[in-house]
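Engineer:
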Amino acid sequence: MSENKTKPTELSVEDFIRYSDPKKVDDSFKLVEIMEKLSGEKATMWGPSIIGFGKYHYKYESGREGDRCRIGFSPRKSAFSLYVLHCDDSENNLLSQLGKIKMGQGSCIYFKKLADLNLDVLDKLITDSLHQTKKLYG
């Protein structure tokens, strides 16, 4: 079975942000502030390009298992990638209220800048995701 390549590292979150796309620096630091506040966890680099908060261990029926950050993001060149566990949108309709986003595979949400998002809804989405991962994975 292959090993998960995205693991926590000792790389500096601050250095990573400062040397990423200059247009994304301010929003990246704001996201770190939001996610640290909501998660109660310090930002950690996961692999070379994901800023994650907290972690949980997962195990699939297939036997594949590993660790993943509870929430995270990456300031990619084309857009930010937001990593949250999707909650049941039929119950809370958060994704439709979040703002200008594109949905990716799995737990990935893409957006260009924080100004495109409703930050109150973002807070709720992150909080719901944290509760969901705790409920499912401890």
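All residue numbers for the sequence shown refer to our numbering, where the first residue is 1246 and numbers rise by one. From the three backbone atoms N, C-alpha and C, an ideal C-beta is built for every residue, glycine too.
(1) Residues bridged to Arg1313 by DSSP?
(2) Could I get the ranges of all uninterrupted beta strand (DSSP E) runs contained in the region 1330-1364, with 3 residues as the minimum, in chain order?
(3) Beta carbon of Lys1287, beta carbon of Glu1281: below 9 Å?
(4) What do you reckon, are the CB atoms on Leu1276 and Leu1359 nearer than 9 Å?
(5) In the structure shown, what three-state DSSP assignment does Ser1284 receive?
(6) Where does Pro1267 sit, in a helix, a strand or coil, going by DSSP?
(7) What separation, rounded to the nearest whole angstrom, lies between the Cα atoms of Ser1319 and Glu1306?
(8) Do Thr1378 and Ile1296 have their C-beta atoms within less than 9 Å of each other?
Structural biologist: Based on what the coordinates show:
(1) According to DSSP, which records beta bridges pairwise, Arg1313 is partnered with Tyr1301.
(2) Whole beta strand (DSSP E) segments, 3+ residues: 1353-1356.
(3) A contact, by the Cβ cut-off of 9 Å.
(4) The answer is yes: Cβ separation under 9 Å.
(5) For Ser1284, the three-state secondary structure derived from DSSP is helix.
(6) Three-state result, Pro1267: helix.
(7) If I take the Cα positions, the gap works out to 28 Å.
(8) Ile1296 is positioned such that its CB atom lies no closer than 9 Å to that of Thr1378.
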